[in-house]
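Step one of this worksheet: look at the structure below.
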Amino acid sequence: MLSEQQLATMLQLQDKMNKKVNPAWLTAGYQYLRAAMIESVEGIEHHGWKWWKAQHKDLPQLQMELVDIWHFALSAIIIDFDGDIQRSADTIADELAKGTDIVTFDGQNYDFSQQTLLDNLELMAGLCAAKRFSVPLFMHIVTQADMNADSLFQQYVGKNVLNFFRQDHGYKDGSYIKIWHGREDNEHLVEVLNSLDSGSSDYSQAVYDGLQARYPE
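With full-length UniProt numbering, letter number 19 in the sequence shown gets 19, and the count goes up by one each step, no holes.
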């Protein structure tokens, strides 16, 4: 279960990142759930579904798609509440607290706790196409993909903060250095994340500071 602190941190980071792209993002008409639908389909591809050829599930890539979906879902939820971060967090927490395993879609009830990961990815894609998102379904998919609330939080914050860090250090003008001391920034990020307490209130800032301490000036 995502904690109150984790929800607040992720929603605030999402709002901040969206404002960096467009300060008026709340009213820009961006189709965040369409983007989540596309990422869901890409997750299906990473899982593998073709019966006419040999395929192997690429779990790390599937997990990355789930983190991307969460970025878009949080954005859509914030828009639903006109930018009110607290109401957004409360709504997500309430949905998760209810503990429901049922999603009603196109007049049919789906018990996602009894469905495979592949079927649930397909269900999530369908819901997103219909401009709907089920947080309980998503979190169940996260569990089926061998993640938990903490690993989702860590990967989400890590990717979000790294994007900020890259922008702040010249990513747009090409002056950013992606390989530090023989390793890519993603590798440094993993080490920073593993060295910190994800439950701290200043976790995202600590991640940024950890990257800053390693970055070659």
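Think of the CB as a built atom: it goes at the ideal place given N, C-alpha and C, for glycine as much as any other residue. Note that this is a predicted model, so its numbers are computed, not measured.
As assigned by DSSP and simplified to three states, the class of residue i
i: Tyr110; result: strand
i: Trp70; result: helix
i: Glu122; result: helix
i: Arg132; result: coil
i: Glu217; result: coil
i: Phe81; result: coil
i: Thr100; result: coil
From the options, residue whose alpha carbon lies closest to that of residue i
i: Gln31; options: Phe153, Arg132 and Ser204; result: Arg132
i: His140; options: Gln63, Asp58 and Leu33; result: Gln63
i: Lys20; options: Phe165, Arg183, Ser175 and Ile177; result: Phe165
i: Glu184; options: Tyr215, Ile92 and Asp209; result: Tyr215
i: Arg34; options: Gly126, Leu26, Leu152 and Lys178; result: Gly126
Assigned exposure category for residue i - 16 Cβ within 10 Å defines buried
i: Thr143; result: exposed
i: Asp68; result: buried
i: Asn148; result: exposed
i: Met10; result: buried
i: Ala73; result: buried
First through last residue of the beta strand (DSSP E) which encompasses residue i
i: Ile177; result: Taken as a continuous stretch (DSSP letters only), Ile177 belongs to no beta strand (DSSP E), as it is neither H nor E.
Beta-carbon gap between residue i and residue j smaller than 8 Å
i: Val157; j: Ser204; result: yes
i: Val207; j: Val161; result: yes
i: Gly43; j: Leu66; result: yes
i: Met1; j: Leu96; result: yes
Bounding residues of the alpha helix (DSSP H) (the contiguous stretch that carries residue i)
i: Asp15; result: Glu4 to Val21
i: Lys159; result: Ala149 to Asp168
i: His181; result: Premise fails: His181 is in no alpha helix (DSSP H) and is neither H nor E.
i: Tyr32; result: Tyr32 to His47
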